[in-house]
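**Student:** I'd like to ask some things about the structure below.
Numbering (our numbering), first residue to last: 1 to 123.
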């Protein structure tokens, strides 16, 4: 697996290009949303979600529309993408935004009892 620092995600222009054209990069995105929503409906305990590589927060926003009471932690290695997520999710009660490459999340011993982890096309 390539390290985050070796990717283009830290580049402002690349992050903006992704946000502007993500519907072309991910033509199946709506299908992913539908599948994620169907899985999410089966969680019966207190719903905590780690959006790993949250990008601009579009997945998290969809989850909040399904259940406005989720506890969400959004992680992304790109300052630009995390900033976009913070703007998109400003009206929701997000537990935490963390700037960190997703491959480092285990190394930091993140121990908040997360029940669901979403990582789209990151792994």
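All residues carry an ideal CB built from backbone N, CA and C; glycine is no exception.
Quick caveat, the model's predicted, so the values are computed rather than measured.
Taking 8 Å as the threshold (C-beta atoms), are residue 60 and residue 90 in contact?
**Tutor:** Counting from one through the chain shown, the residue named residue 90 turns up at place 90. Counting from one through the chain shown, the residue named residue 60 turns up at place 60. No.
**Student:** Can you look up residue 104 in the DSSP assignment and give me helix, strand or coil?
**Tutor:** Within the chain shown, residue 104 is the residue found at index 104, counting from 1. Reduced to three states, the DSSP call for residue 104 is helix.
**Student:** So who's on the other strand from residue 74, going by DSSP bridges?
**Tutor:** By one-based count along the chain shown, residue 74 stands at place 74. Looking at the DSSP assignment, residue 74 forms a beta bridge with 51, 97.
**Student:** Taking a contact to mean a Cβ-Cβ separation below 8 Å, would you say residue 82 touches residue 99 in this structure?
**Tutor:** Here residue 82 corresponds to residue number 82 of the chain shown, with the count starting at 1. Here residue 99 corresponds to residue number 99 of the chain shown, with the count starting at 1. A contact, by the Cβ cut-off of 8 Å.
**Student:** Measure the C-alpha to C-alpha separation of residue 77 and residue 97 and round it to an integer number of angstroms.
**Tutor:** Along the chain shown, one-based indexing puts residue 77 at 77. Along the chain shown, one-based indexing puts residue 97 at 97. The alpha-carbon atoms of residue 77 and residue 97 are separated by roughly 11 Å.
**Student:** Please classify residue 65 as buried or exposed, where buried requires at least 16 other C-beta atoms within 10 Å of its C-beta.
**Tutor:** Against the chain shown, residue 65 aligns to sequence position 65. Around the CB of residue 65, fewer than 16 other CB atoms lie within 10 Å, so the residue is classed as exposed.
**Student:** Please return the same chain residues whose Cβ sits closer than 7 Å to the Cβ of residue 104, not counting the five positions on each side in sequence.
**Tutor:** The residue you call residue 104 lines up with position 104 of the chain shown. Within the same chain, residue 104 has no close Cβ partners at all.
**Student:** Is the beta carbon of residue 67 closer than 8 Å to that of residue 47?
**Tutor:** As a first step, residue 47 must be located in the chain shown, where it is residue number 47. As a first step, residue 67 must be located in the chain shown, where it is residue number 67. Yes, they are a contact pair.
**Student:** Helix, strand or coil for residue 92? Go by DSSP, reduced to three states.
**Tutor:** Counting from 1 along the chain shown, the entry for residue 92 is found at position 92. In the structure shown, residue 92 sits in coil (DSSP, three-state: anything other than H, G, I, E or B).
**Student:** Could you check where the alpha helix (DSSP H) with residue 32 kicks off and where it finishes?
**Tutor:** Residue mapping note: residue 32 aligns to position 32 of the chain shown, counting from 1. From DSSP, the alpha helix (DSSP H) with residue 32 extends over 29-40.
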